[in-house]
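In my numbering, the protein residues as written are 421 to 756.
Below you'll find the structure, written out as structure tokens, and then a few comments.
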Amino acid sequence: MNCDKSEIYFNGIHQGEIDYILSISGFKEGTFPFRYLGIPISYKRMAIGDCTRLVEKGARIFVIPVTVLDRVTAICRNYLWSSSDQYGKAPSVAWDALCTEKKFGGLGIVNCRLWNQVLIGKYTWWLTCKSDHLWIKWEDHVYMKGRNWQDYVPSLQSSWTWRKICAVKDIFKHGYHLNQWCDGKFTVAAGYIWLQGSQTKAQWAPVVWNRLNVPKHSFIAWLFAKERLLTKDRMRAFGLPIDGVCDLCDMHTEDHNHLFYHCAFSIRCWDILRQWLSVSLPTQDILHWCVKWRCRSLLKKHLVFAAVVAFLYNIWRVRNLCRVDMVVHSPTQEIM
Ligand SMILES: [Zn+2]
């Protein structure tokens, strides 16, 4: 039994009486929150950590149908691209690419499908290691009946849940040996990284996710780095009936390179930034230059990264303003 002193005082019971009750009952005084059937119980607002545990436990207990996971993903995806749970526009970046870590070019959003597989994978790991859990012993006795779990194939009469658990086992069984998880400890985090496969580092990630950046600047710079901003050439490639002329200069076709490097407006913007920072910024591949740039002062480096990313954001912002009101803005007025 878990008791909370403040509640008992409230009911008019004194500390001496509490001590007496505890001594004769054999109960121990506990604290909130405590767990009942794995669920945290508390009389006051629960911390985020308590709820996280609850979410993880829920996802770990159930093999969630793919349709449900895809629906959750769709809501997250629609919110990211359209600020709504309803489908608004086509995503600029594939969800799988977006779910990779930031250092690998994604946004670090959890992939629901993989996460659920990994959580179930923890159970299959327990079965692989013959863990001393009652549930594992029951599964071993009822389903496997002494057969080798690694090669076990469920019968067609097996339940949907059991067949799904076996399918997850088949995904992970090589990983358990490759990573020596059977000799040590399998963690959900390690399993999730393994399931994502080998990935290539995005060189530009430290610039785009520089700690001094404004978050909305980082997001646009991330799309810029992936060349996924919806410039007019891309819109036309999707079949949208628009003219392809750059609204900022009204002369050339608007594509990624023109908008950010070759347009008269952008050239003027970068000139302003060069003077302001007293740094020889390049006229092309700005993020690549940032990655290679050597600077003794780490603070100055972070500040230059933040300024570059802010300028990318503002070029894109002014371009969008120009599309709406058809007025070409002054770089000095809009950017600085
Ligand atoms: Zn232009």
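Note that beta-carbon positions come from the ideal geometry of N, C-alpha and C, so glycine has one too.
None of these values were measured; they are calculated from a predicted model.
Those residues which DSSP pairs with residue i across a bridge
i: Arg688; result: According to DSSP, Arg688 bridges with nothing at all.
i: Thr673; result: Val665
Buried or exposed by the 16-neighbour rule on C-beta atoms within 10 Å, applied to residue i
i: Val627; result: buried
i: Ala514; result: exposed
i: Cys742; result: buried
i: Phe430; result: Residue placement at Phe430 cannot be trusted, given a pLDDT of 45 that sits under 50; the coordinates are not used to answer.
i: His553; result: exposed
i: Cys602; result: exposed
i: Leu718; result: exposed
i: Gly611; result: buried
i: Gly436; result: exposed
i: Ser638; result: buried
i: Ala404; result: Here the chain has residues from 421 to 756 only, and residue 404 is not among them.
i: Ser426; result: Residue confidence for Ser426 is low, a pLDDT of 46 falling below 50, so the modelled location carries little weight; the figure read from the coordinates is stated next. Label assigned to Ser426: exposed.
i: Trp580; result: exposed
i: Asn568; result: exposed
i: Leu732; result: buried
i: Arg739; result: buried
i: Met421; result: Bear in mind that the predicted position of Met421 carries a pLDDT of just 45, short of 50, making it too unreliable to give a figure here.
i: His434; result: exposed
i: Ser686; result: buried
i: Val634; result: exposed
i: Asp667; result: buried
i: Lys557; result: exposed
i: Gly604; result: exposed
i: Lys415; result: Since the displayed the chain opens at 421 and closes at 756, residue 415 lies outside it and no answer follows.
i: Ile662; result: exposed
i: Trp555; result: exposed
i: Ile640; result: buried
i: Thr451; result: exposed
i: Thr544; result: buried
i: Phe447; result: exposed
i: Asp439; result: exposed
i: Val588; result: buried
i: Lys720; result: exposed
i: Phe680; result: buried
i: Asp745; result: exposed
i: Lys584; result: buried
Residue j beta carbon less than 7 Å from that of residue i
i: Trp629; j: Lys522; result: yes
i: Val724; j: Val699; result: yes
i: Thr673; j: Gly664; result: yes
i: Arg497; j: Pro511; result: yes
i: His676; j: Thr651; result: yes
i: Gln623; j: Thr520; result: no
i: Gly508; j: Ala517; result: no
i: Cys669; j: Ala684; result: yes
i: Leu547; j: Ala645; result: no
i: Ile540; j: Val483; result: yes
i: Leu701; j: Trp713; result: no
i: Val492; j: Val538; result: no
i: Leu615; j: Ala726; result: no
i: Leu500; j: Cys532; result: no
Test item, CB below 7 Å from any non-hydrogen atom of ligand 1: This criterion selects Cys666, Leu668, Cys669, Met671, His672, Glu674, His678, Leu679, Cys683, Ala684, Phe685.
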